[in-house]
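S.K.: Using the working numbering, you'd call the opening residue of the sequence shown number 247 and step up by one each time. A virtual CB, placed ideally from N, CA and C, is assigned to each residue, including glycine. Here the structure is a predicted model, which means the values were calculated and not measured.
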Amino acid sequence: MAALERLRPDHAPALLVFERENRAYFAASVPDRGDAYFAGFEERHRALLDEQEAGTVHLHVLVGEGGEVLGRFNLVDVADGSAELGYRVAERAAGRGTATAGVREVCRLAREEYGLSRLTAVTTLDNPGSRAVLGRIGFGAVGNVVLDGRPGTSYELDLAYGVG
């Protein structure tokens with residue numbers, strides 16, 4: 247059974263494998279991270295952990311029974327009781343409720359552990375899976391956005407009303 251864990255230094259090797267193995271899959275629905283991301287992965291990982299220590303982000307990985315990373319579920323731009331949710335799930339774990347379960351759990355943590363009251367999220371219109379996950383959890387569409395030149399929707403969730 248997979249477990250959602252707060253990002254730690256020792257997650258770096260499995261996280262890099264996750265990002266490399268799923269790069270093309272992710273690029274079909276979200277902007278590609280670019281070669282520089284992979285070249286500077288270790289430094290970026292340390293910088294993210296520093297941000298997490300400062301409380302400006304809350305980063306999580308979904309770890310499978312074999313220690314492999316199956317997904318990332320992150321809360322970024324934490325300020326004034328709110329944060330932006332971002333997530334990605336490995337291709338091999340997609341379509342099995344993995345994203346919904348991970349988003350549901352990170353929303354619970356946002357409310358109960360991090361004291362947040364509101365989350366936002368964005369996704370492109372050509373990413374029906376992500377839009378469905380946000381809808382199942384209770385996020386409501388609040389506006390239109392453009393992400394890397396692609397039309398999208400912005401969403402919001404008031405954590406006081408619970409999570410779907």
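Unbroken beta strand (DSSP E) runs of length 3 or more, entirely within the region 280-324: which are they?
M.R.: Listed in chain order, they are 304-309.
S.K.: Relative to the C-alpha of residue 311, which residue among 249, 389, 400, 336 is closest?
M.R.: Out of 249, 389, 400, 336, 249 has the C-alpha closest to the C-alpha of residue 311.
S.K.: Need the endpoints of the beta strand (DSSP E) that residue 397 sits in, please.
M.R.: Looking at the DSSP string, the run of the beta strand (DSSP E) that includes residue 397 is 396-404.
S.K.: Can you tell me whether residue 398 is buried or exposed, with buried defined as 16 or more other CB within 10 angstroms of its CB?
M.R.: Label assigned to residue 398: buried.
S.K.: Apart from the five residues just before and just after residue 287, which ones in its own chain have a Cβ nearer than 7 Å to its Cβ?
M.R.: Result list for residue 287: 262, in chain order.
S.K.: Just to confirm, is the Cβ distance from residue 323 to residue 330 under 9 Å?
M.R.: Closer than 9 Å, so yes.
S.K.: Using beta carbons (cut-off 9 Å, strictly below), is residue 363 in contact with chain C?
M.R.: Judged by its chain identifiers, the structure shown contains no chain C, having just a single protein chain.
S.K.: Could you check the C-alpha separation between residue 411 and residue 384 for me, to the nearest Å?
M.R.: With the chain covering 247 to 410 only, the question about residue 411 has no answer from this structure.
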